[in-house]
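Worksheet for the structure shown next.
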Amino acid sequence: MAEKVQKWYPGEGKLTIGRAILYVVLVLGLISAAARLFLGLGATTNLNDAFPWGLWVSFDILAGVALAGGGFTMAATIYIFNLKKFEPLLRPAKLSAFMGYLVFVIGLFFDLGQPWRIWHPMVMWNPHSVLFEVSWCVMLYTTVLAIDLFIIGLERYGKESWIKFFRDIYLVLVVAGIMLSTLHQSSLGALFLLMPQKMSDLWATKALGPLFFCSAVIGGMSVITLESLLSSKIYKRKPEIGILSDLGKGLAIALLVYFAMKVTDLYARGATVWVWDWVHFWFFVELFGTVALPALLLSFPEVRKTQKGLYWAAGLAAFGVVLNRFNVSLTSYIGYRQFGYFPSAMEIFVTAALIAMGILIFDLGMRYLPIHRSELGGEH
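So the sequence shown is numbered by our numbering: it starts at 66 and just counts up by one.
This is the structure we're talking about:
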């Protein structure tokens with residue numbers, strides 16, 4: 066088996082222009098990260114008493130976890146709903162999910178005031194804290210994803226006895242992964258309900274947890290579509306348009322469900338929607354431009370069955386998930402707080418470096434691990 070997977074893609078190991086740029090961004094981010102650790106948050110970020118959570122929480126943590134939802138979404142689709150036709154998308158989804166959670170963990174490390182205490186939830190339990198539940202679920206689910214990738218790595222080297230051992234407990238890993246993801250994806254939304262009176266009523270709702278979970282499903286499916294199309298182009302593979310078109314149907318349904326949940330919640334609470342100000346502008350962009358519009362696009366077969374159509378629809382949906390996390394964590398507080406926030410250069414460099422790191426990890430996985438079934442001679 067090992068002989069079949071020694072080299073899959075042309076130019077394996079070469080330093081291309083794209084990889085060189087990513088490495089430069091990574092170095093700049095490491096310098097900024099070192100400055101943050103030595104100089105502190107106050108000297109290196111634009112965080113303040115009104116906005117103690119900024120870019121690192123909104124994007125690196127909240128958006129990163131949501132966009133990494135493809136792992137549990139694909140696992141549930143294949144193993145619970147028994148839709149085996151999506152199996153070719155499972156391993157890339159796991160790789161991108163691991164990448165997203167790694168970005169989450171590292172981003173959280175730099176956002177903590179005292180990052181060297183990041184291990185405290187392991188031994189200092191507070192079961193009444195939402196953050197305690199989130200931290201444990203993230204730690205355990207990241208471990209599940211790491212074990213998944215470890216199994217794939219064993220397949221490269223043909224370690225049959227080890228592979229059999231892990232395959233015997235694989236069902237436990239699948240169930241654990243789906244449950245843990247369901248818990249912390251929704252709990253990240255519930256975290257903001259600790260201070261709903263400081264939020265715009267457009268997002269301050271008890272349904273924030275279920276809405277976060279549903280949007281994480283959307284984010285995961287969107288990223289799976291985008292990374293499948295992009296990796297097909299980069300690694301000279303034929304795009305699996307048939308499978309992605311069927312996935313587009315599921316994405317359209319998820320978007321419509323989310324739209325219905327959001328509209329129903331707003332109506333039930335009597336929230337003031339039709340007002341023209343900066344906060345409502347971003348709300349309209351989120352709901353109509355990144356939820357309703359991609360759902361409408363994906364309802365047309367001629368859109369779903371073309372690469373360009375899938376790029377646009379999935380791209381809008383993924384952007385919508387990111388925008389939602391920014392709206393919940395930043396935009397919704399504009400009316401309450403007297404002064405604003407814009408990330409510092411060092412915050413941006415660290416975030417850009419985390420994105421570059423995630424892309425490089427995905428690139429390494431695609432080049433050195435049997436991510437696709439064809440790389441195992443048809444085995445799964």
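We put the CB at the ideal spot given by N, CA and C, even for glycine.
Predicted, not measured: the structure shown is a model, and the values here were computed from it.
### Query
Measuring CA to CA, which of Trp377, Ala418, Trp190, Ser394 is closest to Gly405?
The shortest Cα separation from Gly405 among Trp377, Ala418, Trp190, Ser394 belongs to Ser394.
### Message
Which residue wins for smallest C-alpha separation from Ser397, given the options Gly119, Val288, Ala99, Val89?
### Response
Ranking Gly119, Val288, Ala99, Val89 by Cα distance to Ser397 puts Gly119 first.
### Message
Using only CA atoms, which one of Ile436, Leu419, Arg390, Phe407 lies nearest to Gly274?
### Response
Selected option, being the one with the closest Cα: Arg390.
### Query
Under three-state DSSP, which class holds Ile220?
According to the sequence shown, residue 220 is Glu rather than Ile. Residue state, collapsed to three classes: helix.
### Task
Give a yes or no on whether the C-beta atoms belonging to Phe278 and Ser251 are separated by under 8 Å.
Yes, the pair counts as a contact, with Cβ atoms nearer than the cut-off.
### Task
Assess, as a yes-or-no matter, whether the segment 189-206 is touched by the segment 317-326 under the definition of 3 or more beta carbon pairs within less than 8 Å.
No: the two stretches stay apart, fewer than three of their Cβ pairs being nearer than 8 Å.
### Query
So which of Gly172, Asn111, Lys314, Met164 has the shortest CA-CA distance to Gly94?
It is Gly172.
### Task
Taking 8 Å as the cut-off, decide whether the C-beta atoms of Ser364 and Ala317 are in contact.
Yes.
### Message
Helix, strand or coil for Met139? Go by DSSP, reduced to three states.
### Response
Assigned with DSSP and collapsed to three states, Met139 falls in helix.
### Beta-carbon contacts of Thr109 that lie in its chain and below 6 Å, excluding the five residues immediately before and after
Hits under 6 Å: Ala100, Arg101, Met411.
### Task
Classify Val203 as helix, strand or coil using the three-state DSSP reduction.
Per DSSP, reduced to three states, the secondary structure at Val203 is helical.
### Task
Quick one: using the 10 Å Cβ neighbour count with 16 as the cut-off for buried, is Met264 buried or exposed?
So Met264 ends up on the buried side.
#### Entry: Rounded C-alpha distance that separates Ile96 from Ala417
Just so you know, the alpha carbons of Ile96 and Ala417 end up roughly 12 Å apart.
### Query
Going straight from the alpha carbon of Ser310 to that of Trp377, what length do you get?
Going by the C-alpha atoms only, they are around 13 Å apart.
### Message
Let me check understanding here. Comparing Cα to Cα, which of Val415, Gly315, Thr290, Val92 lies closest to Gln372?
### Response
The candidate whose alpha carbon is nearest that of Gln372 is Thr290.
### Query
Just curious, the alpha helix (DSSP H) that Ala227 is in, first and last residue?
Looking at the sequence provided, one finds Trp at residue 227 rather than Ala. Segment 225-233, the alpha helix (DSSP H) holding Trp227.
### Task
Just confirm the distance between the C-beta atoms of Leu331 and Val338, as a whole number of angstroms; I'd bet it's less than 8 Å.
With a Cβ gap of about 6 Å, Leu331 and Val338 count as contacting.
### Message
On the criterion of 16 or more Cβ atoms from any shown chain inside 10 Å, does Lys271 qualify as buried, or is it exposed?
### Response
Burial call: exposed.
### 8 Å Cβ cutoff met for Ala140 and Ser161
When the beta-carbon positions are compared, Ala140 and Ser161 stay at least 8 Å from each other.
### Message
For a quick check, are the C-beta atoms of Ala421 and Leu91 less than 8 Å apart?
### Response
Contact annotation: Ala421 and Leu91 have beta-carbon atoms nearer than 8 Å.
### Query
Does the beta-carbon distance from Trp227 to Leu238 come in below 8 Å?
For Trp227 and Leu238, no; Cβs fall outside 8 Å.
#### Entry: Per-residue DSSP class, three states only, for Ala115
The three-state secondary structure of Ala115, taken from DSSP, is coil.
### Task
Report yes or no: is there a C-beta of chain B within less than 8 Å of the C-beta of Ile82?
The displayed structure is made up of one protein chain only, and chain B is not part of it.
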